[in-house]
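Below is one structure, written out as structure tokens, with a few remarks after it.
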Amino acid sequence: MCIRGTTRVFGIFGDPVAHSLSPVMQNAAFEKARIDAVYVPFHVRPHQLAAAVAGLRSLGIAGLNVTVPHKEKVLDLLDDVDANARLIGAVNTILHRDGRLFGYNTDGVGLLEALRTELDFDPAGSRVLLLGAGGACRAAAVALCYAGAKRIDWVNRTAQRAQKLADEFSAHFPGTAFATYPWDFQEPSTFPAAALAEVDLVINTTTLGLKGERIALPWHLLSPQVRIYDMVYASEKTPLCEQAGLHGCRAADGLSMLVGQGEHAFRIWTGVPAPAGVMKNRLLAVLHDKKHPS
1 MCIRGTTRVF
11 GIFGDPVAHS
21 LSPVMQNAAF
31 EKARIDAVYV
41 PFHVRPHQLA
51 AAVAGLRSLG
61 IAGLNVTVPH
71 KEKVLDLLDD
81 VDANARLIGA
91 VNTILHRDGR
101 LFGYNTDGVG
111 LLEALRTELD
121 FDPAGSRVLL
131 LGAGGACRAA
141 AVALCYAGAK
151 RIDWVNRTAQ
161 RAQKLADEFS
171 AHFPGTAFAT
181 YPWDFQEPST
191 FPAAALAEVD
201 LVINTTTLGL
211 KGERIALPWH
221 LLSPQVRIYD
231 MVYASEKTPL
241 CEQAGLHGCR
251 AADGLSMLVG
261 QGEHAFRIWT
271 GVPAPAGVMK
281 NRLLAVLHDK
291 KHPS
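The sequence shown begins at 1 in the UniProt record's numbering and counts up one residue at a time.
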């Protein structure tokens, strides 16, 4: 990598951010596409966010990804926010153009691409069960509704939080039915069986699994035809994907969504598609090295 005075700078704001794999995959894509650009991580603490965004303007940084805990707070610091990101309530991609900052959310696009490529799944006319009711869940729900999902059910520890989402989305998406259920993710006996009736897809939008936690789904109530998507990813199978395989269900983890959202961000910044397969192959190589250190 050769850094010049003409090199455009991109990056990611987060707290923490050292673990992020975005620099690895974005720099691989820039290099393959022969684009004079570099992507770097910026550790931005919550109280520094406004100053960091101001710095983005003054330093002429060309674009950013935004990760936790800044996705929601950054909306009010931008000049314009895409309608999709506004509905989700979070921005994960910023484009700096002619002194103005434009906010987007590519998580939903990344999810739909992952469902298509990894699970051969089309949400149109489907019934989907979402585990959790946080920011990732909002992005998933918006994308699924736009893609024509017939029904979306939420299960969450706090039923009121999920119900608030259902009430809000009902007004925006009259063609999709919504229902919510309370559930302790570690206790299968308390799972609302009604949420699994005729379900086509289950998506884990929580962080459960990052540290090896198991989500206690009542697998005996699930058909083997149900597809499982886990937004968590790891160097090996996530606990949820491992359980799904044991019960004959087709499953995929969040690596494909990370790639999908990253490729869409690349297109927003550069105006051209990301080189096919480059981000995914680079991430797989990194995860392989972590699993098998030399």
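Don't be surprised by glycine CBs; every beta carbon is placed ideally from N, CA and C. This structure is a prediction, so every number in the text was calculated from the model and none was measured.
Check	Outcome
I need the DSSP call for ALA216, collapsed to helix, strand or coil.	coil
Entirely within the stretch 26-111 and at least 3 residues each: give me those beta strand (DSSP E) ranges in chain order.	37-43, 63-66, 93-97, 100-104
From the DSSP secondary-structure annotation, give me the bridge partner or partners of ARG151.	ARG127, ALA177
What whole-angstrom Cβ distance do PHE13 and TYR39 have, given they're in contact under 8 Å?	With 8 Å as the limit, PHE13 and TYR39 do not qualify as a contact, their Cβ atoms being about 12 Å apart.
Could you name the residues of the same chain whose beta carbon sits closer than 8 Å to that of PRO41, not counting the 5 residues immediately before and after it, in chain order?	GLY11, ILE12, GLY14, VAL17, ALA18, SER20, SER22, PRO23
At the level of alpha carbons, what is the spacing between SER189 and MET231?	24 Å
Per DSSP, ALA251 forms a beta bridge with which residues?	ILE228
Whole-angstrom Cβ separation of ASP79 and PHE102, contact assumed at under 8 Å?	7 Å
Based on the DSSP output, what are the partners of PRO182 in its beta bridges?	ASN156
So if DSSP puts VAL17 in a beta bridge, which residue, or which two residues, is it bridged to?	Partner(s): none; VAL17 has no beta bridge.
If we call anything under 8 Å between Cβ atoms a contact, is residue 366 one with TRP154?	No information on residue 366 is available, as it lies outside the stretch 1 to 294 that the chain covers here.
Between which residues of its own chain and PRO192 is the CB-CB distance below 8 Å, once the five residues before and five after are set aside?	VAL155, TYR181, PRO182, TRP183
For the stretch 112-129 and the stretch 191-206, state whether three or more C-beta atom pairs, one from each stretch, are separated by less than 8 Å.	yes
Would you say TYR104 and ALA83 are within 8 Å of each other, going by their C-beta atoms?	no
Taking buried to mean at least 16 other C-beta atoms within 10 Å of its own C-beta, is ASP98 buried or exposed?	exposed
Determine the burial state of ALA136: buried for a count of at least 16 other Cβ atoms within 10 Å of its Cβ, exposed for fewer.	buried
For the beta strand (DSSP E) that VAL199 lies in, which residues bound it at each end?	First-last for VAL199: undefined, no H or E at that position.
Taking the alpha helix (DSSP H) that TYR233 belongs to, which residues open and close that run?	No alpha helix (DSSP H) contains TYR233, which DSSP labels as neither H nor E.
Under DSSP, the alpha helix (DSSP H) around GLY135 begins and ends at which residues?	135-146
Please identify the residue among GLU187, GLN160, CYS145 whose C-alpha is closest to the C-alpha of SER170.	CYS145
Whole angstroms is fine: what's the gap from ALA50's alpha carbon to CYS249's?	45 Å
Roughly how many angstroms separate the alpha carbons of GLU242 and LEU208, rounded to a whole number?	14 Å
Where does LEU246 land, buried or exposed, given buried means 16+ other C-beta within 10 angstroms?	exposed
Buried or exposed: which applies to ASP253, given that a residue is buried once 16 or more other Cβ atoms fall within 10 Å of its Cβ?	buried
Enumerate in chain order the residues of its own chain whose CB-to-CB distance from LEU222 is below 8 Å, with the five nearest sequence positions on each side excluded.	LEU196, VAL199, VAL202, HIS247, CYS249
Do the stretch 259-272 and the stretch 108-115 make contact, defined as three or more Cβ pairs closer than 8 Å?	yes
Identify the continuous alpha helix (DSSP H) that holds LEU210 and give its terminal residues.	That residue, LEU210, is in no alpha helix (DSSP H); it is neither H nor E in DSSP.
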